[in-house]
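*Asks:* This structure is in structure tokens; I'll ask about it shortly.
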Amino acid sequence: MRAPFRGFVTVAVLACALAAGAAGASDSEPAVPAVSGTEQFMAVAWEPGPMISPLALEGATLSTCGEEDSLKKAKKKAKKEKDPSEPATEGMGLGPERARIILQSLTVPGWGQASLGRRTAAGVFATLEVAIWASFASFRMQEGMRKEAYRQTALLGAGIDLRGRDEEYRRIVGSFASSDEYNLYVVSRDAANLYLQDLSNPNMDAYRAYIEENSLRGADAWNWNSRTSFERYGAQRKDAHRAEIRANNALGLAIVNRLVSALHAARAAGKPRPAGHAWRLEVTPAPGDDATAFRAALSASF
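The opening residue of the sequence shown carries number 26 in our numbering; numbering runs sequentially from there.
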């Protein structure tokens, strides 16, 4: 479409719009003097004012949207960037200060956090440490009492003193009703498997010597007087073993608590300290010739 014809169509559309607006006006408005069609055309055609094409409007809208997207991206980038006034924690090497904090937390969980002024975290790790060691001590006490209980049961019910005996012997006492039963089902069977396999030429001398050497007699003999005592002994041994496992688990938890406390303190060492006061426990060698003397000092920073 040529430029003059396109301008003529635009002027015609504007003239029709003005004519429709004049027709819909109310009667109360002041009357507009009648103008011929040619005069309306000339008035519209020569009316001053900027003429903006739809393509220009669309380009302005796209430009505005692009600027808004650029502003949003800039804001997101600014949020991701850290404040240069704060010390960086990522990629920070193991300096003397951080190493000291980690060693403190590995020694006593919560100590490093307390040195950094993080009292809540220090209280949590310290409370966990106290609870773990209290559980460990409790389980060890249970183990000792239950071991003493099954020793007394064996002494009264089977006539055998288990003090100084190894764990294998205590297990055998709880597995067989008497030492004669053990000699018959274990020692004699093992001797037969070793020396009586060749039925055409059995080694009876070696068979008897093996039984004589490995049988439990004299001070090693026992005989349970009742099935109740026999079963009680087995239950008490299981309880003692269960308490021993729980005590070992408590030791494992103590190690885990130290590792977690050290990792937390290492992360907190590179961050600004919270407002308030911090407690610090310093342990240094005492001056003098005595290499085994140490000096401890507790300080607080406000």
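C-beta: ideal position from N, C-alpha, C; glycine also. Owing to the predicted nature of the structure, the values given are computational and were not obtained by experimental measurement.
According to DSSP, is N250 part of a helix, a strand, or is it coil?
*Replies:* Residue 250 sits at position 225 when you count from the first residue of the sequence shown. Coil, per DSSP.
*Asks:* Please list, in chain order, all residues of the same chain as F150 whose beta carbon is under 6 Å from its beta carbon, the five residues on each side excluded.
*Replies:* Here residue 150 corresponds to residue number 125 of the sequence shown, with the count starting at 1. Correct list, in chain order: P134, G135, S286.
*Asks:* Would you call the CB atoms of A290 and W158 closer than 8 Å?
*Replies:* Taking the sequence shown and counting its residues from 1, one reaches residue 290 at position 265. Taking the sequence shown and counting its residues from 1, one reaches residue 158 at position 133. Result no, Cβ atoms of A290 and W158 do not sit closer than 8 Å.
*Asks:* Which term fits G184, buried or exposed, when burial requires 16 or more other beta carbons within 10 angstroms of its beta carbon?
*Replies:* Residue 184 sits at position 159 when you count from the first residue of the sequence shown. By the 10 Å Cβ count, G184 comes out exposed.
*Asks:* Just list the residues that DSSP pairs S17 with in beta bridges.
*Replies:* Lying outside 26 to 327, the shown extent of the chain, residue 17 is not represented and no answer is given.
*Asks:* What's the C-alpha gap between A246 and T152?
*Replies:* Within the sequence shown, numbered from 1, the residue matching residue 246 stands at position 221. Within the sequence shown, numbered from 1, the residue matching residue 152 stands at position 127. Distance between the alpha carbons of A246 and T152 is about 50 Å.
*Asks:* Looking only at its chain, what residues have a beta carbon closer than 7 Å to the beta carbon of G62, apart from the 5 residues adjacent to it on each side?
*Replies:* Here residue 62 is taken as the residue at index 37 of the sequence shown, counted from 1. Low confidence applies to G62: its pLDDT is 48, below 50, so where it sits in the model is not reliable, and the reading given next is rough at best. Taken in chain order, the list of residues that qualify is empty.
*Asks:* In the structure shown, what three-state DSSP assignment does Q222 receive?
*Replies:* Along the sequence shown, read from residue 1 onward, the residue named residue 222 stands at position 197. Three-state result, Q222: coil.
*Asks:* Less than 8 Å between the CB atoms is what I'm expecting for E154 and N282, so what's the real figure, rounded?
*Replies:* Looking up residue 154 in the sequence shown gives position 129. Looking up residue 282 in the sequence shown gives position 257. Yes, E154 and N282 are in contact; Cβ-Cβ is about 6 Å, under 8 Å.
*Asks:* Following the continuous alpha helix (DSSP H) through V155, name the residue where it begins and the one where it ends.
*Replies:* Locating residue 155 in the sequence shown gives position 130, where the first residue counts as 1. Taken as a continuous stretch (DSSP letters only), the alpha helix (DSSP H) holding V155 covers 144–182.
*Asks:* Here's the rule: buried if 16 or more other CB atoms are within 10 angstroms of the residue's CB, otherwise exposed. What is I126?
*Replies:* Within the sequence shown, residue 126 is the residue found at index 101, counting from 1. The residue in question, I126, is buried, as its Cβ has 16 or more Cβ neighbours within 10 Å.
*Asks:* To the nearest angstrom, how far is the alpha carbon of Y194 from that of A179?
*Replies:* Taking the sequence shown and counting its residues from 1, the one referred to as residue 194 is at position 169. Taking the sequence shown and counting its residues from 1, the one referred to as residue 179 is at position 154. Pairing Y194 with A179, the inter-Cα distance amounts to about 12 Å.
*Asks:* Using a 10 Å radius around the Cβ and a threshold of 16 neighbouring Cβ atoms, would you call Y175 buried or exposed?
*Replies:* Walking along the sequence shown from the start, residue 175 turns up at place 150. That one is buried.
*Asks:* Is DSSP giving S240 helix, strand or coil here?
*Replies:* As a working mapping, residue 240 is identified with position 215 in the sequence shown. Three-state result, S240: coil.
*Asks:* Going along the chain, which residues of its own chain have a beta-carbon closer than 7 Å to the beta-carbon of S240, five neighbours each way excluded?
*Replies:* Here residue 240 refers to the residue found at position 215 of the sequence shown. Closer than 7 Å at Cβ, skipping near neighbours: N208, V212.
*Asks:* So, is R171 buried or exposed, given that buried needs 16 or more other C-beta atoms within 10 angstroms?
*Replies:* Counted from its first residue, the sequence shown places residue 171 at position 146. R171 is buried by the Cβ-count criterion.
*Asks:* Can you confirm whether K296, when its beta carbon is compared against all beta carbons of chain B, has any partner nearer than 8 Å?
*Replies:* Any reference to chain B falls outside this structure, which holds one protein chain only.
*Asks:* Report yes if the CB atom of G182 is closer than 8 Å to the CB atom of S254, and no otherwise.
*Replies:* Within the sequence shown, the letter at position 157 stands for residue 182. Within the sequence shown, the letter at position 229 stands for residue 254. Contact flag set, yes.
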